[in-house]
Every structure is written in C-alpha cells, then in structure tokens.
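Down below is the structure, laid out as structure tokens.
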Amino acid sequence: MFTNASSGYQQASLCGCIGVAAACIGAVCDVDTAKKVIGELENWYKQAEMPMYQPENLGLKTTVAESILCADSVGKFMEAQGVAYGDPERKSRCAGVTADTTRKMVEILNELLG
3 MFTNASSGYQ QASLCGCIGV AAACIGAVCD VDTAKKVIGE LENWYKQAEM PMYQPENLGL
63 KTTVAESILC ADSVGKFMEA QGVAYGDPER KSRCAGVTAD TTRKMVEILN ELLG
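Numbering (this note's numbering), first residue to last: 3 to 116.
Structure representation (structure tokens):
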C-alpha cells in the first residue's frame with residue numbers, strides 16, 4: 003500500500019516515513035488532532051539524530067536532517083557516511099530512520115490517546 007513512499011515518493015520529496023506516518027495518524031485521529039500530532043512528529047524528525055535503530059550494527063553515522071525532505075535527510079547522511087544512494091548503508095539508514103519515526107509516532111499517539 004505504501005511502496006510509493008520509497009525514495010521520497012520517487013522524487014526525493016517528502017521523506018516516505020513521514021508521509022506514511024501521517025496516513026496512519028489520520029486513520030486514528032480527528033483532523034485537528036492529526037494536524038497537531040503530525041506537526042509534532044515532523045518537528046521531532048527535523049531535530050533527531052538518526053538513525054538510532056541500527057540492527058545490522060554497521061556503525062552508521064547519525065545526522066540531523068533539519069528538514070522533512072528526503073533529499074535533505076538522506077543527502078546529509080550520504081555525505082557524512084561517504085556513500086552513494088544505491089549503497090547498502092544508505093538502505094539500512096533509511097530502514098533505521100523509518101523504525102525511529104514509527105516508534106516516535108506511537109509514543110506521541112500513546113501519550114495523547116492513552
């Protein structure tokens with residue numbers, strides 16, 4: 003259902019994990035609450051050092067995106083890590099960022115709705 007979110011919706015635009023999280027939030031919250039939760043998640047994403055979750059123990063460098071755009075977020079990581087877009091380290095980083103974002107989304111929703 004959300005495979006179109008990969009690679010920043012194929013255009014390196016909005017980070018796919020933010021778009022998917024927004025859809026999930028919208029499925030369980032009214033409009034005003036969803037806007038608040040999505041805004042909080044986006045603000046967190048822009049400031050968080052990620053990836054926090056690194057199951058492959060690759061020692062990936064963490065970076066701060068300062069943006070919710072895929073090109074900015076992954077671009078900073080690729081520069082810091084010294085890798086190209088197709089490298090396995092980039093794929094692992096994006097998987098970790100997706101896990102980090104999902105965790106934070108659930109934390110915000112639990113706090114709000116729990």
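Glycine included, each C-beta is placed from N, C-alpha and C at the ideal position.
Could you have a look at M80 and say whether DSSP puts it in helix, strand or coil?
Looking at M80 - three-state DSSP - the assignment turns out to be helix.
Tell me which residues share the same chain as A36 and place their Cβ nearer than 6 Å to its Cβ, disregarding the 5 neighbours each side in the sequence.
Answer for A36: I27, G28, listed in chain order.
According to DSSP, what are the bridge partners of M52?
Answer by DSSP bridge pairing, in chain order: T65.
Since D102 contacts P53 with CB under 8 Å, what's their CB separation in whole angstroms?
Contact holds; Cβ gap of about 6 Å.
Give me the residue from A67, K63, P57 with the minimum Cα distance to C17.
Just measuring C-alpha positions, the residue of A67, K63, P57 sitting nearest C17 is A67.
Taking 8 Å as the cut-off, decide whether the C-beta atoms of Q56 and G98 are in contact.
Yes.
Please list, in chain order, all residues of the same chain as R95 whose beta carbon is under 6 Å from its beta carbon, the five residues on each side excluded.
Cβ neighbours of R95 beyond the five flanking positions: P53, L62, F79.
Flag this pair as yes or no: are the beta carbons of K106 and L60 separated by less than 8 Å?
Cβ distance not < 8 Å, so K106 and L60 don't count as in contact.
Who are L16's beta bridge partners in DSSP?
DSSP lists L71 as partners of L16.
Sort S69, I110, G116 by Cα distance to A23 and report the nearest one.
Minimum Cα-Cα distance from A23 among the listed residues S69, I110, G116 corresponds to I110.
Do Y1 and I70 have their C-beta atoms within less than 8 Å of each other?
Residue 1 lies beyond the stretch modelled for the chain, which goes from 3 to 116, so this question has no answer here.
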